[in-house]
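Here's the structure, in structure tokens; my notes come after.
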């Protein structure tokens, strides 16, 4: 009698693991749905959903892609882990583990390649920023992203203000735009006494000498400023990546533990 009781008890599904995994994933599922919803709403506002071919029209990077891709991945993973744990579905739990493991492997590979080929990564970053400078006025979300980056890192252009010569609106050649030979307002040094942002502060600034420029705009490039910020915050950035990696490993272990429990119970049927 005691032997039979011991056999049944050993084949129980851990409620702690099951509901912890469920709660862990329902948060990601809801966050993924929110990100996906924001991304689709942004595309709808820009008319992308009514004309899908316009996705490829933008010469630079559309920040909405971040919400779509990250939200989509979080939604799929959250759904698989949440429903898999709640229904004790081994197929969904295995999918969750494999998908999460694949993401972890890709992140690890990307990190190693970024360290080994850091010069190539730097060249690609330069190319990426220059392309987005050219497309600055083509998309409002891209424009806001560039403005935020320049204001946050106190920088202007990839390597300096003259990079804005690549944009047709800020180009110094035969250009009818009022922004000719200027820079975006996000390059301007901020005056704490001003409550309202002067969006015309960058007009004609590149026609002035270096000393006058330094009084009015940021003269350092965003690539160098980003590298400096990364070095200054290396421990925090590394800590965030390690925390994400540990969460992924923890999620995989929980899912595999629950799969083992479910299989053990089914083996006694």
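Residue numbers (full-length UniProt numbering): 1 to 269. Positions of the beta carbon are idealized from the N, C-alpha and C atoms, including for glycine.
For the pair of segments examined, the region 121-132 was found to touch the region 156-174: the number of CB pairs separated by less than 8 Å reaches three. If you draw a straight line from the Cα of residue 145 to the Cα of residue 87, it is about 42 Å long. Inter-residue distance for residue 143 and residue 78 is about 32 Å (C-alpha atoms, whole angstroms). Excluding five sequence positions before and after residue 257, the CB atoms of its chain that fall closer than 6 Å to its own CB belong to 17, given in chain order.
DSSP, reduced to helix, strand and coil, places residue 197 outside both helices and strands of the structure shown, so it counts as coil.
Residue pairing by DSSP places residue 188 opposite 217 in a beta bridge. Rounded to whole angstroms, residue 176 and residue 231 show a C-alpha spacing of 42 Å.
Taking the C-beta atoms as reference points, residue 202 is found no nearer than 9 Å to residue 96. A straight-line Cα-Cα distance of about 11 Å links residue 28 and residue 70. In this structure, residue 141 and residue 184 do not form a Cβ contact; the two beta carbons are roughly 15 Å apart against a cut-off of 8 Å. A direct Cα-Cα distance of roughly 11 Å separates residue 25 from residue 254. In terms of Cβ geometry, residue 39 and residue 67 form a close pair [threshold 9 Å]. Contact between residue 172 and residue 178 does not hold, since their C-beta atoms are separated by about 13 Å, which reaches or exceeds 8 Å. Here residue 187 is buried. Its C-beta has 16 or more other C-beta atoms within 10 Å. Burial check for residue 182: the Cβ neighbour count within 10 Å reaches 16 or more, so the residue is buried.
With 16 or more other Cβ atoms from the protein chains shown falling within 10 Å of its own Cβ, residue 262 counts as buried.
In this structure residue 101 is not in contact with residue 74, their Cβ atoms being roughly 16 Å apart against a cut-off of 8 Å.
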